[in-house]
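**Student:** As given, the protein sequences belong to chains A and B, one line each in that order. Sequential numbering of the first sequence, starting at 222, is according to the numbering used here. Sequential numbering of the second sequence, starting at 68, is according to the numbering used here. The beta carbon of each residue, even a glycine, is placed where N, CA and C say it ideally should be.
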Amino acid sequence: MKTIEEINEKIKNGKVVVVTAEEMIEITKEKGTKKASEYVDVVTTGTFGPMCSSGMFMNVGHSKPRIKIGGGKCYLNDVPAYCGLAAVDIYIGATATPDDDPRNTVYPGAFKYGGGHVIEDFVSGKNLTLVATAYGTDCYPRKKIETYINKDNVNEAYLFNPRNDYQNYNVAVNLSNRVIHTYMGVLKPHLNSANYCSAGQLSPLLKDPKYKTIGIGTRLFLGGGVGYVAWYGTQHNPVVPRSPDGIPRAGAGTLAVIGDAKKMNGNFLKGASFIGYGATIFVGIGVPIPVVDEEMAYLTSRGDEEYWAQVVDYGNDYPERIPRSLGEVNYAQLKSGVITVSGKEVPAFPISSYSKAVEICHILKDWISSGEFFLTNPVEPLPGIDSGIKMNTLDERTLEGIYNERK
Amino acid sequence: MKKRIILRFKRNTVDKPIVYRLVKDYDLIFNILRANFSPRADSMLVMEIEGMDENFEKGIEYLKSWNIDIEPIEQDINRNDSRCVHCGVCASVCAPDALYIDRKTMKVEFDYERCVACELCVKVCPVNAMNVFFD
Numbered sequence: 222m223k224t225i226e227e228i229n230e231k232i233k234n235g236k237v238v239v240v241t242a243e244e245m246i247e248i249t250k251e252k253g254t255k256k257a258s259e260y261v262d263v264v265t266t267g268t269f270g271p272m273c274s275s276g277m278f279m280n281v282g283h284s285k286p287r288i289k290i291g292g293g294k295c296y297l298n299d300v301p302a303y304c305g306l307a308a309v310d311i312y313i314g315a316t317a318t319p320d321d322d323p324r325n326t327v328y329p330g331a332f333k334y335g336g337g338h339v340i341e342d343f344v345s346g347k348n349l350t351l352v353a354t355a356y357g358t359d360c361y362p363r364k365k366i367e368t369y370i371n372k373d374n375v376n377e378a379y380l381f382n383p384r385n386d387y388q389n390y391n392v393a394v395n396l397s398n399r400v401i402h403t404y405m406g407v408l409k410p411h412l413n414s415a416n417y418c419s420a421g422q423l424s425p426l427l428k429d430p431k432y433k434t435i436g437i438g439t440r441l442f443l444g445g446g447v448g449y450v451a452w453y454g455t456q457h458n459p460v461v462p463r464s465p466d467g468i469p470r471a472g473a474g475t476l477a478v479i480g481d482a483k484k485m486n487g488n489f490l491k492g493a494s495f496i497g498y499g500a501t502i503f504v505g506i507g508v509p510i511p512v513v514d515e516e517m518a519y520l521t522s523r524g525d526e527e528y529w530a531q532v533v534d535y536g537n538d539y540p541e542r543i544p545r546s547l548g549e550v551n552y553a554q555l556k557s558g559v560i561t562v563s564g565k566e567v568p569a570f571p572i573s574s575y576s577k578a579v580e581i582c583h584i585l586k587d588w589i590s591s592g593e594f595f596l597t598n599p600v601e602p603l604p605g606i607d608s609g610i611k612m613n614t615l616d617e618r619t620l621e622g623i624y625n626e627r628k
Numbered sequence: 068m069k070k071r072i073i074l075r076f077k078r079n080t081v082d083k084p085i086v087y088r089l090v091k092d093y094d095l096i097f098n099i100l101r102a103n104f105s106p107r108a109d110s111m112l113v114m115e116i117e118g119m120d121e122n123f124e125k126g127i128e129y130l131k132s133w134n135i136d137i138e139p140i141e142q143d144i145n146r147n148d149s150r151c152v153h154c155g156v157c158a159s160v161c162a163p164d165a166l167y168i169d170r171k172t173m174k175v176e177f178d179y180e181r182c183v184a185c186e187l188c189v190k191v192c193p194v195n196a197m198n199v200f201f202d
């Protein structure tokens, strides 16, 4: 057993042994889990994929005379930001699109510029046009402002992503008879392509499948800078089918993360356009996992062939919310480029970047080895396997129905 | 020798049976990958040409004699490596496997020689890394 405090002491003294998740797999194959748990202190994990539930809070400072953008309207590079907050606090979400974007009216829409691109431009140090209108009050008389903002002239700017870093994800296929454009990319008809979205053996929550070390407050790599787990993510659903060792075989856990956007960069926050679907952002996340005991050495050293995902039809089942799996495949099969679904060989492609995930593992390893980055004990654990969490659905209810429910 | 090239025609060359001459006089095998012809504007032809080295050279000389601009295909299709994140979305739609995933590194590689300039990658690339300069 090792404590976080002991590991941090080693980081301080420059004696910490940090390895990437890829390296941990090899080390454990060689040494076994017992010796590996004694030798290795920290395993770095990483993932880099499109994460729609992302956005950035900003306080843009007060103009002279003052304007109350709060309750008014506000655009950054023509993309609408949310301003139902105090006077000059705004939030730009990754999937926001300009009011005049044709969206999917001419199908499939291109979604060339949206909130994710605004965030990338901002963290890259570019100037953004800020256009805001307000209703004017005695204390905030101004009704309109047009100016340029950037990371040096706003006050705070922090990413706050309500749902990132899915523990595992569906493998998307298309059983319909036409090409479909989804958030999982373009899917060929008649089960002719399969797209998946996970870093598999590098993915943070897959390496700590039972949320033993990752919890609320955990310090992590976010978008090239430092962030924290703010809360469990939306749709955090630990109650899914799992392997005997606790590894989830479907979506499962998620993280809400927060971090100083001014210290992030465009290499790990990339605005994205999914044809026919919308604008979003690629987010890079890396979580250090302390090897506190032999169990964590075992769990952090599982390879792609031990992580399974469900194959789901996005032609009809997914849009109709039909909970059907066409089968299970593992990440080693997915990475090989061919999976077998219903007896048919189907080419498989990732939509999250494994090579970027590797890069993140190495950066985080360097940060820790050089004594810049320390590990944290969770303030609170994430809701676990026994939490009894159940996902709700959005049902169309009527007043009459509500009245009848009461009776 | 086998090569993919882009031919750009001036308006007054469009009515000449140039491809026929390449076959008949220079014994070249051609495969038209993409064509955009208009009698009112400059036109474009993407072709794979195959044949003996000597004939290939002569054929190209012949094309040039008609004032046709010839460009290698990679000049007009390129990937902005500073934007590419190696996600793999392009590879999933690339029919000739010009954009493919090196399954060891999981990086997306681009083999110009297999590209047919369909431009599907330009449309699907989430980070706008693929550029095609055809007109």
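Helix, strand or coil: how does DSSP classify A:Pro544 here?
**Tutor:** Residue state, collapsed to three classes: coil.
**Student:** Along the region 151 to 163 of chain B, where does the CB come closer than 7 Å to a CB of chain A? Name the residues.
**Tutor:** The region 151 to 163 of chain B vs chain A, Cβ under 7 Å: Val152, His153, Cys154, Gly155, Val156, Ala158, Ser159 and Val160.
**Student:** Would you mind working out which of A:Pro544, A:Val579 and A:Lys431 sits nearest A:Val460, comparing C-alpha positions?
**Tutor:** The candidate whose alpha carbon is nearest that of A:Val460 is A:Lys431.
**Student:** Span of the alpha helix (DSSP H) holding A:Phe343?
**Tutor:** Here the alpha helix (DSSP H) through A:Phe343 covers Gly336 to Val344.
**Student:** Which ranges does the beta strand (DSSP E) cover as unbroken runs of at least 3 residues, wholly within the region 275 to 314 of chain A, from first to last along the chain?
**Tutor:** Counting only runs of 3 or more, we get 276 to 280, 294 to 297, 300 to 302 and 310 to 314.
**Student:** Could you give the residue range of the beta strand (DSSP E) that holds A:His411?
**Tutor:** Run containing A:His411: none; DSSP gives neither H nor E here.
**Student:** Taking only beta-carbon atoms, is B:Ile168 less than 8 Å away from chain A?
**Tutor:** So, interface residue.
**Student:** For the beta strand (DSSP E) holding A:Gln531, just list the boundary residues, first then last.
**Tutor:** Note, A:Gln531: beta strand (DSSP E), Trp529 to Asp534.
**Student:** Since A:Val407 meets chain B, which of its residues come closer than 8 Å, beta carbon to beta carbon?
**Tutor:** Within chain B, the residues near A:Val407 are Val156, Ser159, Val160 and Val191.
**Student:** Mind checking who A:Trp452 pairs with in its DSSP beta bridge?
**Tutor:** Its beta-bridge partners are A:Ala477.
**Student:** Does DSSP put A:Ile589 in a helix, a strand or coil?
**Tutor:** Looking at A:Ile589 - three-state DSSP - the assignment turns out to be helix.
**Student:** CB of A:Val513 to nearest heavy atom of the ligand NAP: below 7 Å?
**Tutor:** The ligand content of the structure shown is nil, which means the ligand NAP is not present either.
**Student:** Report the partner residues of A:Lys365 according to the DSSP bridge assignment.
**Tutor:** Paired residues: A:Thr354.
**Student:** Got a sec? Which residues, its chain only, sit under 8 Å from A:Lys372 by beta carbon, not counting five neighbours each side?
**Tutor:** So the qualifying residues of the chain are Phe343, Val344, Gly346, Ala378, Ala482 and Lys483.
**Student:** By the 7 Å beta-carbon criterion, what residues does the region 570 to 597 of chain A contribute toward chain B?
**Tutor:** Under the 7 Å Cβ criterion, the region 570 to 597 of chain A contributes Phe570, Pro571, Ile572, Ser573, Ser574, Tyr575, Ser576 and Lys577.
**Student:** Can you confirm whether the region 491 to 501 of chain A touches the region 353 to 361 of chain A when touching is taken to mean that 3 or more C-beta pairs between the two stretches lie within less than 8 Å?
**Tutor:** In short, these stretches do not touch, since the Cβ pair count stays below three.
**Student:** So, with DSSP's three-state summary, where would you put B:Asp169?
**Tutor:** Correct three-state label for B:Asp169: strand.
**Student:** So, for B:Pro193: in the same chain, excluding its five sequence neighbours on each side, which residues have a beta-carbon less than 7 Å away from its beta-carbon?
**Tutor:** Counting only Cβ-Cβ distances below 7 Å, and skipping sequence neighbours, we find Cys154 and Val156.
**Student:** For chain A, is any of its Cβ atoms less than 8 Å away from the one on B:Val194?
**Tutor:** Closer than 8 Å: yes.
**Student:** Taking 6 Å as the limit between beta carbons, can you name the residues of its chain near B:Lys69, skipping five residues before and five after?
**Tutor:** These residues qualify, in order along the chain: Glu117.
**Student:** Taking the runs of the beta strand (DSSP E) that are 3 residues or longer, which of them lie wholly in the region 375 to 410 of chain A?
**Tutor:** The region 375 to 410 of chain A contains these whole beta strand (DSSP E) runs: 378 to 385, 392 to 394, 401 to 403 and 406 to 408.
**Student:** Quick one, which of A:Trp588, A:Gly291, A:Ser275 and A:Glu247 has its alpha-carbon nearest A:Val447's?
**Tutor:** Answer by Cα proximity: A:Trp588.
**Student:** Rounded to the nearest angstrom, how far is the Cβ of A:Val309 from that of A:Gly292, given a contact under 8 Å?
**Tutor:** Actually they do not touch by this definition, with Cβ atoms about 12 Å apart.
**Student:** Is the beta carbon of A:Ser274 closer than 8 Å to that of A:Asn389?
**Tutor:** No; because the gap between Cβ atoms is not below 8 Å, this pair is not in contact.
**Student:** Using a Cβ cut-off of 7 Å, pull out every chain A residue sitting near B:Lys174, in sequence order please.
**Tutor:** Result: Ser576.
**Student:** Can you have a look at B:Ile140 and say buried or exposed, based on whether 16 or more other CB atoms are within 10 angstroms of its CB?
**Tutor:** So B:Ile140 counts as buried.
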